[in-house]
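These notes are about the structure you will find just below.
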Amino acid sequence: MANLQIPSDITMRELFFLVLGSLLQAVFGQIRYSVPEELLKGSFVGNIAKDLAMDLKQLSHGGVQIITEGRRQYFALDFQNGHLCIHERVDREAICGRLLTCMLKLEILVQEQVKVYIVEIEIEDINDNAPTFQVETTQLKIPESTATGSRFLLPDAQDPDLGRNSLQTYQLSPNGHFTLDVQTGANGGKYVEFILEKSLDREEAAFHDLILTASDGGDPVKSGTAHIRVVVEDANDNAPVFSQSVYKVTAMEDIPIDSLLVTVNATDADEGINAEITYAFRQASEKASNIFHLDSKTGEVRVKENLDFEENTMYEMEIQARDGRGLSGRANILVTVVDVNDNAPGIAVTSLTNAVSEDSPQGTAVALLRVTDRDSDNNGKVWCSISENLPFRLQKTFDNYYSLVTDKALDREIISAYNVTVIATDQGNPPLSTTTIIPLKILDKNDNPPTFKEKSYISSITENTPAGTSVFTLKANDPDWEENSRITYSIIQDQVRPFSSYLSINSETGAIYALRSFDYEEFQEINFLVKAQDGGSPPLSSNVSVTLLILDQNDNSPQILYPSLPSDGSTGVELAPRSSEPGYLVTKVVAVDADSGQNAWLSYQLLKATEPGLFTIGLHTGEIRTARFFLDKDALKQSLVVLVKDNGQSPLSASVMVTVVLADSIPESLSDISSISAPADPQSDLTFYLVVAVAFVSCLFFTFLLVLLALRLHKWRTSQLCASGSMNFSGVPVSQFVGIDGVQAFLHSYCHEVSLTSGSRKSQVLFPIESCTNTLRAQQDSNKPETFFAAEDSNTNQEGQAFGQVSYALSNY
11 MANLQIPSDI
21 TMRELFFLVL
31 GSLLQAVFGQ
41 IRYSVPEELL
51 KGSFVGNIAK
61 DLAMDLKQLS
71 HGGVQIITEG
81 RRQYFALDFQ
91 NGHLCIHERV
101 DREAICGRLL
111 TCMLKLEILV
121 QEQVKVYIVE
131 IEIEDINDNA
141 PTFQVETTQL
151 KIPESTATGS
161 RFLLPDAQDP
171 DLGRNSLQTY
181 QLSPNGHFTL
191 DVQTGANGGK
201 YVEFILEKSL
211 DREEAAFHDL
221 ILTASDGGDP
231 VKSGTAHIRV
241 VVEDANDNAP
251 VFSQSVYKVT
261 AMEDIPIDSL
271 LVTVNATDAD
281 EGINAEITYA
291 FRQASEKASN
301 IFHLDSKTGE
311 VRVKENLDFE
321 ENTMYEMEIQ
331 ARDGRGLSGR
341 ANILVTVVDV
351 NDNAPGIAVT
361 SLTNAVSEDS
371 PQGTAVALLR
381 VTDRDSDNNG
391 KVWCSISENL
401 PFRLQKTFDN
411 YYSLVTDKAL
421 DREIISAYNV
431 TVIATDQGNP
441 PLSTTTIIPL
451 KILDKNDNPP
461 TFKEKSYISS
471 ITENTPAGTS
481 VFTLKANDPD
491 WEENSRITYS
501 IIQDQVRPFS
511 SYLSINSETG
521 AIYALRSFDY
531 EEFQEINFLV
541 KAQDGGSPPL
551 SSNVSVTLLI
561 LDQNDNSPQI
571 LYPSLPSDGS
581 TGVELAPRSS
591 EPGYLVTKVV
601 AVDADSGQNA
611 WLSYQLLKAT
621 EPGLFTIGLH
631 TGEIRTARFF
641 LDKDALKQSL
651 VVLVKDNGQS
661 PLSASVMVTV
671 VLADSIPESL
681 SDISSISAPA
691 DPQSDLTFYL
701 VVAVAFVSCL
711 FFTFLLVLLA
721 LRLHKWRTSQ
731 LCASGSMNFS
741 GVPVSQFVGI
751 DGVQAFLHSY
761 CHEVSLTSGS
771 RKSQVLFPIE
781 SCTNTLRAQQ
791 DSNKPETFFA
801 AEDSNTNQEG
811 QAFGQVSYAL
821 SNY
């Protein structure tokens, strides 16, 4: 056994049978338990470990297995204490049905010992089921003539329990006609029968409701009930009887045809065909038979022809009621005809005015009426009336004539027409009345001017909208009628600013159109009055104020104020010291936009640069600053293309080119400008050009110093230097702020101008000093001769320091 090789993929059950097949002998044991049904889950059944003398450690290691074939797992083994417990609800009736002995078998496999134990568990019956009837209500039909002693079989009750717990007895609720007889069949089952002990009378009791109770012998006793209804069938032993021997009826002579006079009623104590009653006239005159109709089924007596009090005042008839077996009863009908007020008054309109003006005075006659009634005495006396909520009243003139006159002021705008209902009522009992309707139309008077819904209107239109565009539509209402409500519209001209050239209005529809394209920069709103006039006589009118707002459109490109192109066509140049640190302010691009709002929000950006990354520009300030230190390899002349763009939809833009020359001093800048002016060929005579350039720059430098010295001497003699070190020259613009739509552009100004002439070339250099204020440079007159000024500072030894902003214009370069 120890050396037996077992495949690893074999199942436990296959292992079990394999071992059994290889052994010469198998050992079996058998245990038997008895438990009642319907125990709770987890209830104790038996101690398997004790009964099989098994070690609990063997159980805890999973060496024991419960095997059930083709059954639900009703039991489970607790491996902690070795107890067999209830795993699922056990219902003996569901498992074994009507078997006297209900036995469940389990196989307990001990794998280590290769041993199988058979456990038999007997399920004991408990009284867990009450007797039940398959039909809760049973109906028995028994004729009232049935003889006493007759038997009737009743439905049986069923109880799935066994022995004393099953059905034992039947009981019947107390009654005076039936008893119960319980019989036992050949198979041991019990059945029950009804026995009629006393004769039935349907007229005394048509139904008998009984309760049949079935009980078992359990402890406690359980029972079930069934409802037994006995229906007593009828026998024809009663004749029909009328509810009255004489039916007296009073009928008005104007009773409508087919009206119900009376309903006769006969009853029969029997039922079924024995109680089916039919009615018929037995003795009636020919005239009464023609005037009245008797329904043979319902007993209703109706009028077939008109009654006339003057012809006959009373009718008497005899009727008969007969059941389905020939028994019958009799009764009389007496009909008395009563005279009534059967003639209604008549109304005749002898004179009528179909229309009345709303401004008619009170008491104006509208119609003349005459009333009549063919009856006599009180039935012929008539009075007329109309509704009290109308602006009219009836005025009796003479005899039976009435006049309809106005009683209140009329207003067509409130009610434009009336239907006056005139009611004529006699004094009969009951009174009769007649109505007639007099239609009246209220004629209009022009008593309401046109009115607008609003006290003032505000509309808007975008500038540059094409001429002929509909701007706004006004609507006035006039509650008057026809011509009095026909409105024409017009614009009231303003003496200060006539708008006839700007706007027009459709006189019929009130639509306002633009006659021209508006410019927001010219004016932002238009205020005018619109007049609405009706077509009445005399006409009425009203005015309303209209405000037309002109909405801005992005139709103006940014205008660059600085740097501006000189009038002689030269290009602006800015000087930047080579020793400048990152963030040094080189210059500032100043631009404005004639639009407003976001259409005037400007942004600046560099489109193109000689050295990308060398300069930056403020997105909203336009300040051009150095981004890094200048290197030797950087070109002396830097060309920057600045794009100025507004924030409109779609945006408009303008661009300007700014030239920046890298230099630490004026002579050096002049030398650099001269050097970069001529195209250089690095492959041809480089040394010669360098010598010529150095000599030329040196000459220019000494010339500049001489001119500067001469100017200083001249100024010292002619005027006193300014205390601040700055000088005022003719032609230099004063400081100012330029504001457009509330946005003020702060512009840099330059206080001194220096113009140098060398040969045929003219150069204009502008040097800013820190004490100068920001100004907007005035446009120079193209006919004015150029004036040259040398930059001058009271502290001349600060030449090596960084400049502010330099504008350099070089013509013919």
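Note that our numbering has the sequence shown beginning at 11, numbered continuously upward.
Glycine is no exception: its CB is placed at the ideal position from the N, C-alpha and C atoms.
Check: Helix, strand or coil for Tyr84 per DSSP?
Finding: coil
Check: Using the C-alpha atoms, what's the distance from Asp488 back to Lys463?
Finding: 11 Å
Notebook entry, point to check: Can you tell me the Cα-Cα spacing of Ala365 and Lys406, whole angstroms?
Noted result: 22 Å
Item checked: Buried or exposed (CB count within 10 angstroms, at least 16 for buried), His630 -> exposed
Next item on the list: Assign His838 to buried or exposed, taking buried as 16 or more other Cβ atoms, counted over all protein chains shown, within 10 Å of its Cβ.
Entry: What the structure shows of the chain is the stretch from 11 to 823, and residue 838 is not part of that stretch, so it cannot be assessed.
Next item on the list: Identify the continuous beta strand (DSSP E) that holds Arg635 and give its terminal residues.
Entry: Glu633 to Thr636
Next item on the list: Grab the span of the alpha helix (DSSP H) containing Ala294 for me, first residue to last.
Entry: Where Ala294 is concerned, there is no enclosing alpha helix (DSSP H), given that its DSSP letter is neither H nor E.
Note to self: Let me make sure I understand the geometry here. Which of Thr147, Thr288, Ala216 and Asn248 has the alpha-carbon closest to that of Gly234?
What the structure shows: Thr147
Item checked: Assumed close pair Leu182, Leu220 - CB separation to whole angstroms, cut-off 8 Å -> 6 Å
Next item on the list: Look at Thr288 and Lys314 and say whether their C-beta atoms are less than 8 Å apart.
Entry: no
Check: Does at least one heavy atom of the ligand NAD sit under 7 Å from the Cβ of Val376?
Finding: Ligands displayed in this structure: none; no statement on the ligand NAD is therefore possible.
Notebook entry, point to check: What residue from Asn494, Ser527 and Leu585 has the CA that sits closest to Ala542's CA?
Noted result: Asn494
Note to self: So, for Pro250: in the same chain, excluding its five sequence neighbours on each side, which residues have a beta-carbon less than 6 Å away from its beta-carbon?
What the structure shows: Ala276, Asp278, Ile287, Ala331, Asp333 and Gly339
Next item on the list: Could you tell me which of Leu559, Ser589 and Val583 sits nearest to Leu650, measuring between CA atoms?
Entry: Val583
Notebook entry, point to check: Among residues of its own chain, excluding the 5 on either side of His218, which ones have a beta-carbon nearer than 6 Å to its beta-carbon?
Noted result: Val240
Next item on the list: Determine the extent of the beta strand (DSSP E) in which Glu103 is found, giving its start and end residues.
Entry: Looking at the DSSP string, Glu103 is not in any beta strand (DSSP E); the run it does join, the alpha helix (DSSP H), is Arg102 to Cys106.
Notebook entry, point to check: Got a sec, what are the start and stop residues for the alpha helix (DSSP H) Ala375 sits in?
Noted result: Unbroken run through Ala375 is the beta strand (DSSP E), Ala375 to Thr382; no alpha helix (DSSP H).
Item checked: Neighbourhood of Asp529 by C-beta, 6 Å cutoff - its chain only, sequence neighbours within 5 removed -> Glu473
Next item on the list: Given a cut-off of 8 Å, decide if Ala477 and Ala524 are closer than it, judged by their beta-carbon atoms.
Entry: yes
Note to self: Taking 8 Å as the threshold (C-beta atoms), are Ile118 and Ile76 in contact?
What the structure shows: yes
Notebook entry, point to check: What number of angstroms, rounded off, separates the C-alpha of Gln193 from the C-alpha of Asp226?
Noted result: 16 Å
Next item on the list: Please work out which residues of its chain come closer than 8 Å, Cβ to Cβ, to Tyr512, disregarding the five sequence neighbours upstream and downstream, and give them in chain order.
Entry: Ala524, Leu525, Arg526, Phe528 and Ile536
Next item on the list: Measure from the alpha carbon of Pro568 to the alpha carbon of each residue in Ala610, Glu531 and Phe711, then state which is nearest.
Entry: Ala610
Item checked: Given Thr429 as reference, the closest of Lys418, Pro449, Leu641 and Arg422 once Cα atoms are compared -> Residue identity check: residue 429 is Asn in the sequence provided, not Thr. The shortest Cα separation from Asn429 among Lys418, Pro449, Leu641 and Arg422 belongs to Pro449.
Note to self: Let me make sure I understand the geometry here. Which of Gly336, Tyr127 and Val74 has the alpha-carbon closest to that of Gln121?
What the structure shows: Val74
Next item on the list: Return yes when the Cβ of Lys643 is within less than 8 Å of the Cβ of Val671, no when it is not.
Entry: no
Notebook entry, point to check: Should Thr346 go down as buried or exposed, given a rule of 16 or more other Cβ atoms within 10 Å for buried?
Noted result: exposed
Note to self: Is the separation between the beta-carbon of Asn410 and that of Arg384 shorter than 8 Å?
What the structure shows: no
Checklist line | Buried or exposed by the 16-neighbour rule on C-beta atoms within 10 Å, applied to Met113 | finding: exposed
Notebook entry, point to check: Thinking just about the alpha-carbon of each residue, which of Leu710, Ser426, Leu164 and Gly56 is nearest to the one in Cys95?
Noted result: Gly56
Notebook entry, point to check: Would the beta-carbon of Tyr127 fall within 8 Å of that of Ile41?
Noted result: yes
Next item on the list: Take Pro661 as the anchor and find which of Ala261, Asn564 and Gln149 has the nearest alpha-carbon.
Entry: Asn564
Next item on the list: List the endpoints of the continuous beta strand (DSSP E) containing Lys151.
Entry: Thr147 to Pro153
Note to self: Using the Cβ count rule (16 or more neighbours within 10 Å means buried), how would you classify His187?
What the structure shows: buried
Next item on the list: Can you have a look at Glu328 and say buried or exposed, based on whether 16 or more other CB atoms are within 10 angstroms of its CB?
Entry: exposed
Item checked: Through-space distance from Asp244 to His303, alpha-carbon basis -> 32 Å
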